[in-house]
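In the working numbering, the protein residues as written are 53 to 529. Input: a single structure, listed below in structure tokens.
What follows is the structure in structure tokens.
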């Protein structure tokens, strides 16, 4: 029989999940007035029969009409509006913009197409498009492993005057560890899902070699390395301090990241969730090298570096918090300084299980999650509309749907997942799409109405609920 302690814990979890509910009723539009939000068929950039069949099936299976409408709008949004698919030399090539910014981020492009991977084997054209993303990311890394965002060709950029080694192919050159992790995640996931090894060609192997090489440079054991970045700006987090090299770190084996996945400058440049992500990516590279490319020496190099970073994380990034116990800090510097916070952009501390960096049951993650979803995180906001994680990028009070979605994707509690779905449904401001952020008290005050990553990730969440908690979709939210 359940113990009293178990019953109390269950009640506490339910109460915590209930706190996610919108604090103010947001008037729902007339259910018969949900107009199509997708572009007309002839204006869509790519159409996948497998994706279309999934949309039809989900609209039939989801009991809540508004949730079904949101899925129909959001899940295909990346294919509808952001992919540029071509053939170059008989090989697929896919450029993926973020939405309202006409550039391809290595991070966003992976995250935008990731939810389509499970459908690739039943849709050869979709599989080819995904292979094209892997190939384009490969080409980008070969241009510059330190860049985070790229143009579709040598077009130049509004950031061309940044004081760094800019090239005309680059949109922006902010060094972020995750910019090299996400292409590894996509290549590994593509291979494991489809069995296709054709993407692991000579160019891919050269780009893969740049990953541990760049990580080792940014361990900064022999000086600051080749990368620096300065921008003329009045926004402090938009440039790196101290001559463009960032705040100092002690060479303890962790990887120095100048910027976060939000594109904001790090305070303490050992960005913990990105270092944890790097460990996973290096081990994925080793698996590909052992199994596909048969490069035992490179596999050993990747595993050795992964083990070194993992050991350094355990020693320097698990830090006692005065109220939450020993948790993962968001950033550390190797000198004993630590920053306790989280940011909605992924990799985040909240997202660690989603990225394969441990499990939801890991005690350190449980304590860290408790911190992230509390007032001990300065970027956890609670208002009349909803509660959730934001970040400094767009300012205080602004909740990111990415944070709410990741909370649900990493939850083991039905009530919490259901509350996240309700919060997302209540805060799209009648647009049918997820946004970059919205005001904690007023969802009609939002940023970026066309942000494909948030849309596709929402679709991934609904599909995850369908697979793992289908009963939640059989009720009105």
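We put the CB at the ideal spot given by N, CA and C, even for glycine. Keep in mind that this is a model prediction, so the values were computed, not measured.
Excluding sequence positions up to five before and after residue 133, its CB lies within less than 8 Å of the CB of 91, 96, 97, 151, 502, 504, all in the same chain and listed in chain order. Taking a 10 Å sphere around the C-beta of residue 275, we find fewer than 16 other C-beta atoms and assign the residue as exposed. Nearest to residue 472 by C-alpha distance, out of 194, 525, 227, 362, is 525.
Residue 484 places its beta carbon less than 8 Å from that of residue 89.
Classified as exposed, residue 154 has fewer than 16 neighbouring CB atoms from the shown chains inside 10 Å of its CB. By the neighbour-count criterion, in which 16 or more other beta carbons inside 10 Å mark a residue as buried, residue 287 falls on the exposed side. By a beta-carbon distance limit of 8 Å, residue 513 contacts residue 460. Their separation comes to about 5 Å. By the CB criterion at 8 Å, residue 383 and residue 324 fall inside the cutoff. Following the DSSP letters along the chain, one finds residue 151 in no alpha helix (DSSP H), marked with neither H nor E.
Between residue 126 and residue 511, the alpha-carbon positions lie close to 6 Å from each other.
As computed with DSSP, residue 290 is found in no beta bridge at all. Our two residues, residue 147 and residue 375, have alpha carbons roughly 46 Å apart in a direct line.
Residue 198 and residue 226 have their C-alpha atoms spaced approximately 7 Å apart. Note: residue 371 is bridge-paired with 379 in the DSSP secondary-structure output. Counting only unbroken stretches of 4 or more residues, the alpha helix (DSSP H) elements lying wholly within the segment 223 to 280 are 230 to 246, 254 to 269, in sequence order. A Cβ-Cβ separation of about 27 Å leaves residue 305 out of contact with residue 282 under the 8 Å criterion. Counted as a single uninterrupted DSSP element, the stretch harbouring residue 440 is not any alpha helix (DSSP H) but the beta strand (DSSP E) occupying residues 439 to 441. A Cβ-Cβ separation of about 18 Å leaves residue 458 out of contact with residue 499 under the 8 Å criterion.
A direct Cα-to-Cα measurement between residue 159 and residue 200 gives close to 8 Å.
Three or more beta-carbon pairs separated by less than 8 Å link the segment 397 to 409 to the segment 322 to 342, which places the two stretches in contact. With a beta-carbon spacing of about 18 Å, residue 168 and residue 236 fall beyond the 8 Å limit used to define contacts.
The segment 426 to 505 contains, as complete beta strand (DSSP E) runs of 3+ residues, the segments 432 to 434, 439 to 441, 489 to 491 (chain order). Straight across, the Cα-Cα distance linking residue 420 with residue 99 is about 40 Å. Separation of residue 452 and residue 390 (C-alpha to C-alpha, rounded to the nearest whole angstrom) is 24 Å. As the crow flies, the alpha-carbon of residue 335 is around 11 Å from that of residue 264. Distance between residue 418 and residue 468, taken at the CA atoms: about 15 Å. For residue 218, same chain residues with a beta-carbon under 8 Å away, outside a window of 5 residues either side, are 209, 211, 212, 225 in chain order.
In the three-state DSSP reduction, residue 111 falls in the helix class (H, G or I). Membership of residue 420 in the alpha helix (DSSP H) is indicated by the continuous run 415 to 424. Remark: C-beta atoms of residue 344 and residue 249 approach each other more closely than 8 Å. Taking the C-beta atoms as reference points, residue 338 is found nearer than 8 Å to residue 355. In this structure, residue 239 places its C-beta atom within 8 Å of the C-beta atom of residue 251. Looking from the CA of residue 144, the closest CA among 378, 234, 402, 189 belongs to 189. CA-CA distance, residue 456 to residue 490, rounds to 12 Å. Here residue 135 is not near residue 123, since their CB atoms are 8 Å or more apart. DSSP places residue 144 in the strand class (E or B) of the three-state scheme.
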